[in-house]
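With our numbering, letter number 130 in the sequence shown gets 157, and the count goes up by one each step, no holes. Ideal placement from N, C-alpha and C gives every residue a C-beta, glycine not left out. From a predicted model like this one, the values you see are computed outputs, not experimental measurements.
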Amino acid sequence: MYYKRASIFYQQVKKKSGRYLNLRFQNTSSIIKYIKDKLEDIILAIKVSRKKNTPRVTLLEIPHYSLVEYNSSQKHPEPRSFYEDDIKLSKQIDSINSVIRQLNTSALDNARSPRFSLDLTRPTKGHKGQRAKARSHYNFKHVYVDGEHPNPLLAKLWYQRIGRQMVFDCFTKSKKHRHRHRKSKNSKFEN
Numbered sequence: 028m029y030y031k032r033a034s035i036f037y038q039q040v041k042k043k044s045g046r047y048l049n050l051r052f053q054n055t056s057s058i059i060k061y062i063k064d065k066l067e068d069i070i071l072a073i074k075v076s077r078k079k080n081t082p083r084v085t086l087l088e089i090p091h092y093s094l095v096e097y098n099s100s101q102k103h104p105e106p107r108s109f110y111e112d113d114i115k116l117s118k119q120i121d122s123i124n125s126v127i128r129q130l131n132t133s134a135l136d137n138a139r140s141p142r143f144s145l146d147l148t149r150p151t152k153g154h155k156g157q158r159a160k161a162r163s164h165y166n167f168k169h170v171y172v173d174g175e176h177p178n179p180l181l182a183k184l185w186y187q188r189i190g191r192q193m194v195f196d197c198f199t200k201s202k203k204h205r206h207r208h209r210k211s212k213n214s215k216f217e218n
């Protein structure tokens, strides 16, 4: 149920017209506020329905993807026309991931999502005449099948990371729960 809701929010960032993807929202602040409000609603529903021994919940971050690469793979006549939207999309995804990290930390017992976008980066160095500042670029061509969907090797890696996160969330008690558990054990011995 929660997966479907979260997936819907991810789908709302982009819009498909025919075979091609476009950026649905140009105003970053409105989409961030909308998604944050919806994620907070989901967290509230989780907390209300949570019982004593339920597993922890982690909101997963959104990996970056490229409208230019996707539309190029779909044989768009001018895929470079999506370059500005690609930059906006990247900023929107960074903002959404920042909100997800904040909610995981504050509302979900310091949960941490795997950072999928780190698997897409390749480090580069500046040229000799410029400041030697290390930067990262997203390597969409080699890790995505079409600019949006991961290749089989990357998909397998992400499944493993999600699986590890599930094991951690299911078998690791939150700090609050451990603290309560210690207090209850100590109180038995004091009496």
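- For isoleucine 120, the CB contacts under 7 Å within the same chain, skipping 5 residues up- and downstream, are Ile89 and His91 in chain order.
- In the three-state DSSP reduction, tyrosine 92 falls in the coil class, being neither helix nor strand.
- In the DSSP annotation of this structure, asparagine 49 is not part of any alpha helix (DSSP H); the continuous beta strand (DSSP E) holding it starts and ends at 47-50.
- Taking a cut-off of 8 Å for Cβ pairs, the stretch 173-187 and the stretch 120-134 do not touch, as fewer than three such pairs fall below it.
- Alanine 72: member of the alpha helix (DSSP H) spanning 55-76, first to last residue.
- DSSP places arginine 139 in the coil class of the three-state scheme, outside both helix and strand.
- In terms of Cα proximity to leucine 71, the closest of Leu50, Leu86 and Ser57 is Leu86.
- Looking at His103, Lys74, Lys60 and Val84, the one whose alpha-carbon comes closest to that of valine 194 is Val84.
- Rounded to the nearest angstrom, the Cβ distance from phenylalanine 109 to leucine 130 is 30 Å, too far for a contact under 8 Å.
- In the pairwise beta carbon analysis, the stretch 139-146 is classified as touching the stretch 180-192: at least three pairs are separated by under 8 Å.
- Taking C-beta atoms as the reference points, histidine 103 and tyrosine 171 fail to come closer than 7 Å.
- Leucine 147 is a Cβ neighbour of asparagine 166, given a cutoff of 7 Å.
- Short of 7 Å from the beta carbon of glycine 45, and not among the five residues preceding or following it, lies no beta carbon of its own chain.
- Counting along the chain, serine 125 sits inside the alpha helix (DSSP H) bounded by residues 110-133.
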